Amino acid sequence: MTKKERYAFVLNYFETYAPNAETELIYDNPYQLLVAVILSAQCTDKRVNMTTPAIFAQYPDVYALSKATFDDLFPLIRSISYPNNKTKHLIGMAQLVVEEFNGEIPATVPELIKLPGVGRKTANVITSVVHHQPNMAVDTHVFRVSARIGLTTNATTPLQTELQLLKNIPTEKVHIAHHWLILHGRYTCVARSPKCGECGLRPACKYYAQLIKAN
């Protein structure tokens, strides 16, 4: 199977069986999504979704959050990984959005990465989810699944994975392909003991082909 054929098979499979894939983070607007994504670094979406309602109740918009104190916000996210840093990042993010962007969450990657706590991956998530821009956020799931299936070759960094995926996935499908790969990695192509027996991508998967060959 050529790389072109592999991509075609994988994308067709997901379009058929997961046509409405989307983020599992719960949010109502770009501000809430940005807060949730910042909190989600090295933390499960489930834990984030348990935490954000209290934050949004007390800080319903970026203006309210910009006036938060560390001592007030920290208790609300104590159960999240790295709460000290994330508390500082959230307050700093809100202050910069108010000061430099008139309270509007930026809509481009270069603008977003200026914000505290926002790296390339987070910026790609915001722009692809909110604005359907063709940006590919590469987390541990996307990185692992892409390599296992054979969508990427010798990619050793998230950026290398991102660039290879963008080169081969049609522009209009990039924003949803991000969710396809994440969810597949979260529930089927898991890090330990991937569930190959129930995976519909077996005909196109290099990892599975090697598994069969070894046995």
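Per this note's numbering, residue 1425 is the first one in the sequence shown, and the count goes up by one each step.
Each residue gets a CB set at the ideal place from its N, CA and C atoms; glycine is no exception.
The structure presented is a predicted model; accordingly, all values stated were derived computationally and were not measured.
- With a threshold of 16 other beta carbon atoms within 10 Å, Tyr1441 falls short and is exposed.
- Relative to Val1598, the option among Tyr1483, Gln1557, Val1459 whose CA is nearest is Gln1557.
- Counting only runs that start and end inside the segment 1508 to 1542, the alpha helix (DSSP H) elements of at least 4 residues fall at 1533 to 1536.
- With a 10 Å radius around the Cβ and a threshold of 16 neighbouring Cβ atoms, Tyr1632 comes out buried.
- Excluding its 5 nearest sequence neighbours in each direction, Pro1507 has C-beta neighbours in its own chain below 7 Å: Phe1498, Ile1501, listed in chain order.
- Secondary structure of Ile1550 (DSSP, three-state): helix.
- Pairwise C-beta distances place the segment 1441 to 1458 in contact with the segment 1466 to 1479, as three or more of them are shorter than 8 Å.
- Where Leu1605 is concerned, the enclosing alpha helix (DSSP H) starts and stops at 1598 to 1611.
- DSSP, read as helix, strand or coil, puts Asn1639 in coil.
- Excluding its 5 nearest sequence neighbours in each direction, Asn1559 has C-beta neighbours in its own chain below 6 Å: Asn1548, Thr1551, Ser1552, listed in chain order.
- Shown here, Gly1621 sits in a helix according to DSSP, grouped into three states.
- When DSSP states are grouped into helix, strand and coil, Gln1557 belongs to the coil group.
- Sequence-distant partners of Pro1530 (beyond 5 residues in either direction) whose C-beta falls short of 6 Å from its own C-beta, in its chain, are Leu1536.
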